[in-house]
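Novice:
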Amino acid sequence: MLQNPSPYVYRPRLAIGRALGAVAASAGRWVGLVFSLAGLAGWLGWLSWRLRTLEMSVIAVGVLVLEFVAISAALVVTAGLFAGRPGWRRSRRATDADRQLPMLLAEALDLGHITHERDLGGTDPTGVLLSNVGPDDTGEIAWARRGIRVLGEQRRLDRHAQLGTTNLREAAWSVVALDGLRRLVSVVALVIVLFTGVTPFEMPPTGRIVMLGTGIVLLSAGHWLLSGGHIRPLARLIWSMASIGAGLGDGVSRSGLPIRWTMTMATLIALNISIALRGISDRWTHGLGPMDHQARVVAMSIAFGLVATGGLAMRRMPRPDLGHYGATRRLEESSVRHLAIGLTLVVATIGFVAGLTPTDAFVADP
-8 MLQNPSPYVY RPRLAIGRAL GAVAASAGRW VGLVFSLAGL AGWLGWLSWR
42 LRTLEMSVIA VGVLVLEFVA ISAALVVTAG LFAGRPGWRR SRRATDADRQ
92 LPMLLAEALD LGHITHERDL GGTDPTGVLL SNVGPDDTGE IAWARRGIRV
142 LGEQRRLDRH AQLGTTNLRE AAWSVVALDG LRRLVSVVAL VIVLFTGVTP
192 FEMPPTGRIV MLGTGIVLLS AGHWLLSGGH IRPLARLIWS MASIGAGLGD
242 GVSRSGLPIR WTMTMATLIA LNISIALRGI SDRWTHGLGP MDHQARVVAM
292 SIAFGLVATG GLAMRRMPRP DLGHYGATRR LEESSVRHLA IGLTLVVATI
342 GFVAGLTPTD AFVADP
């Protein structure tokens, strides 16, 4: 009669499996650091060209400042992820569809108190922790305000405390929580460029474009490895569109719609209108100032990419006509929202196609 093998037989296998897993995690961490540093180096190469060719205009200087803020944020996130040593995610949870990036990052960086506050804030019947979430029921405003507070406290810390593991993890999480504010400023700058036709810099050489693109790809891959799979490629871009503007205002919804959903929808409509007006103006009406063809194509392509990203972010948000923000006449309200976005998207597509064509393409030869 067969007997079950002793559990002691499996202990060497378990030990070997854990050792191999630890080696793989350590290797992935160091590879992620190398990728991230290489990506930052490529980004710095781009910024060196930007500094050499900088035009002293408000738009050019403003965009350059935004770029330095972005690379500083990437450096802080890299340092926080490397210091935090997140464990690798073995499987995606079924609840990830309702868990925003700051919650996943807090879990990865072992900042469990942040996740604890968010989870209890929406379900605690006593309402004791509701203030930790904020007056909106999505949490992004409270997260952004917490990020502002944490980063503001950095000035009062000495150098040793600033470089401490706990502080680096908190700073990295705070930077990600504030991605929506940076995205709002960049969208405003992009809309200004499309309306005025004033470009922040001349057409860069191909080598610098490849340097920037490669750097961003390497940085994204590096953060994915450093975070143990918690920060997937494009995750921060999608989160920034989902939380755009979070941290501004008092966080009280006065329209009966979730603030995060409303801000993202308004951003998509503004970008669609900007794309449409620029393309139609340069092709037919000439109501706006002229814009160089290559610069127009780049600016409109970036705007269209943000529209697509925002649409993807909206698909992952809770529907505004359900749950806490339920209202009467749901079908009519939903139809109006879809109609507003749909119409502006159609017009933006027409303007985008028109803007891709060189200005003299339809001019007849004499």
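Reading the sequence shown from the start, the letters are residues -8 to 357 in our numbering. Even for Gly, the Cβ is constructed at its ideal location relative to N, Cα and C. On a predicted model such as this, the values are computed, not experimentally measured, just so you know.
1) On the DSSP letters alone, give me the boundaries of the alpha helix (DSSP H) that Gln285 sits inside.
2) Which of the three DSSP states, helix, strand or coil, is assigned to Ser218?
3) Identify whether Glu323 lies in helix, strand or coil by the three-state DSSP scheme.
4) Please classify Gln153: does DSSP put it in a helix, a strand, or coil?
5) Specify the secondary structure class of Leu172 as computed by DSSP and reduced to three states.
6) Pick helix, strand or coil for Val344, following the three-state DSSP scheme.
7) To the nearest angstrom, how far is the alpha carbon of Ile293 from that of Trp215?
8) Could you check what DSSP says for Arg109 in three-state terms: helix, strand or coil?
9) Relative to the C-alpha of Ser48, which residue among Met291, Phe192, Gly302 and Thr348 is closest?
10) By how many angstroms is the C-alpha of Asp170 removed from the C-alpha of Leu92?
11) According to DSSP, is Ser234 helix, strand or coil?
12) Report yes if the C-beta distance between Gly138 and Leu100 is below 8 angstroms; otherwise report no.
13) With Val141 as the anchor, note down where its alpha helix (DSSP H) starts and where it stops.
14) Looking at C-alpha atoms only, which residue of Gly30, Leu347, Ala339 and His151 is the closest neighbour of Val298?
15) In terms of alpha-carbon separation, which member of Trp79, Gln153 and Ser177 lies closest to Ala60?
16) Is Arg47 helix, strand or coil when you go by DSSP?
17) Report the option in Met254, Ser272 and Val182 whose CA atom is closest to the CA atom of Phe295.
18) Among Gly19, Gly23, Val22 and Leu28, which residue has its Cα nearest to the Cα of Gly206?
19) Would you tell me roughly how many angstroms separate the C-alpha atoms of Met291 and Met232, rounded to the nearest one?
20) Does DSSP put Arg386 in a helix, in a strand, or in coil?
21) According to DSSP, is Gly188 part of a helix, a strand, or is it coil?
22) Rounded to a whole number of angstroms, what is the C-alpha to C-alpha distance between Leu268 and Leu262?
23) Starting from Trp252, follow the alpha helix (DSSP H) in both directions and report where the run begins and ends.
24) Sort Asp149, Ala304 and Ser265 by Cα distance to Gly342 and report the nearest one.
25) In angstroms, rounded to a whole number, what distance separates the CA positions of Thr255 and Trp230?
Specialist: The relevant details are as follows:
1) His284 to Arg306
2) Coil.
3) With a pLDDT of only 47 at Glu323, under 50, the local geometry of the prediction cannot be trusted, and no value is derived from it.
4) helix
5) Judged by DSSP in its simplified three-state form, Leu172 adopts helix.
6) In the structure shown, Val344 falls within a helical segment according to DSSP collapsed to helix, strand and coil.
7) Whole-angstrom Cα-Cα distance: 23 angstroms.
8) Low per-residue confidence applies at Arg109: pLDDT is 48, beneath 50, and the placement is therefore not dependable, though the value from the model is reported in the following sentence. Correct three-state label for Arg109: helix.
9) Phe192
10) 11 angstroms
11) coil
12) no
13) Going by DSSP, Val141 is part of the alpha helix (DSSP H) stretching over Glu131 to Gly143.
14) Ala339
15) Residue identity check: residue 60 is Val in the sequence provided, not Ala. When each option's Cα is compared against that of Val60, the closest is Ser177.
16) With the sequence shown as reference, residue 47 is identified as Met, and Arg is not the correct amino acid for it. Coil, per DSSP.
17) Val182
18) Leu28
19) 17 angstroms
20) With the chain running from -8 to 357 in the structure shown, residue 386 is simply not present.
21) coil
22) Leu268 and Leu262: Cα-Cα distance of roughly 10 angstroms.
23) Residues Ile250 to Ile271.
24) Ser265
25) 11 angstroms
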